[in-house]
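Numbering (the working numbering), first residue to last: 214 to 360.
For each residue, glycine too, the CB sits at the ideal point set by N, CA and C.
All figures in this text were calculated on a predicted structure; none of them were measured in a lab.
Read through the structure below, which is laid out as C-alpha cells, and then see the notes.
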Amino acid sequence: MASEEKLTGGNMTAVSRVGDTVRRGVGSWTKQVHMLLTHLRAKGIQEVPAPLGFDENGREILSFISGLVGHYPLPESLRTDEVLISAARLLRRIHDATNDVAQIWQSGWQSPTREPIEVICHGDFAPYNCVFDKGRLIGVIDFDNAR
Numbered sequence: 214m215a216s217e218e219k220l221t222g223g224n225m226t227a228v229s230r231v232g233d234t235v236r237r238g239v240g241s242w243t244k245q246v247h248m249l250l251t252h253l254r255a256k257g258i259q260e261v262p263a264p265l266g267f268d269e270n271g272r273e274i275l276s277f278i279s280g281l282v283g284h285y286p287l288p289e290s291l292r293t294d295e296v297l298i299s300a301a302r303l304l305r306r307i308h309d310a311t312n313d314v315a316q317i318w319q320s321g322w323q324s325p326t327r328e329p330i331e332v333i334c335h336g337d338f339a340p341y342n343c344v345f346d347k348g349r350l351i352g353v354i355d356f357d358n359a360r
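Written as C-alpha cells, this is what we have:
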C-alpha cells in the first residue's frame, strides 16, 4: 500500500491521502453520501469524488481530486467573478442532478432535510470544500452535510 499523508482540513474527522485516494472516518450517513456521489457521477458530474468503498480500518475510500483547496485567506486568483460564476454553475448542475431523487432520499443524512425538498443540497458549499486548478473550480468535496 502507498504511504499515508495527513491532509489539512478535516474538521470533523481525520483525512488522509493514500496514493490516488482519500481515506476518511465514517458516520451513519456515509453510505447515503456514497449513493449520492455515485448518482451525481452517473449524471455526468465528474467534479465530485468517486466512492470506492471502505478500507481495512473501516474508513471510507474516495478518489482524490488533485488541486488547491480554497482555505482562508483565499488567494487573489480565487476571488474572481469567473470563479464565482463557475461555482454557481457547478452547484446548479449538482442540484439539477438530484431533483429526481430528492423526494425519495429524505432519510439517512447527517442532519434532517428541510422543507420544501426540491433538491439535495451539499450543506457546506464553501471555498474550503472546493478544489481549484489555475484559478478554475475543478471539484467539490466533503458531502457529509448533504441533505
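Proximity to K347 across R236, F277, V235, L291 peaks at L291, based on C-alpha coordinates.
Taking W322 as the centre and dropping the five residues before and after it, the same chain places the C-beta of W242, Q245, A359, R360 closer than 7 Å to its C-beta, in chain order.
With contacts defined as CB atoms closer than 8 Å, L350 and S299 qualify as a contacting pair. Comparing alpha-carbon positions, the option among P286, I330, P288 lying closest to W318 turns out to be I330. When DSSP reads this structure, F267 sits in a beta bridge with E273. The Cβ atoms of G238 and T226 sit closer than 8 Å to each other. Runs of the alpha helix (DSSP H) lying entirely within the segment 282 to 352 and spanning at least 4 residues, in chain order: 294 to 311.
Around the beta carbon of P264, 16 or more other beta carbons lie within 10 angstroms, which makes this residue buried. Contact annotation, R236 with R272: C-beta distance approximately 4 Å; criterion of less than 8 Å satisfied.
Scanning its chain for C-beta atoms nearer than 6 Å, with the 5 sequence neighbours on each side dropped, one finds around G336 the residues N358, A359, R360, in chain order.
Looking at the DSSP output, E218 bridges to R230. Comparing alpha-carbon positions, the option among G232, F356, F338, Q259 lying closest to H284 turns out to be F338.
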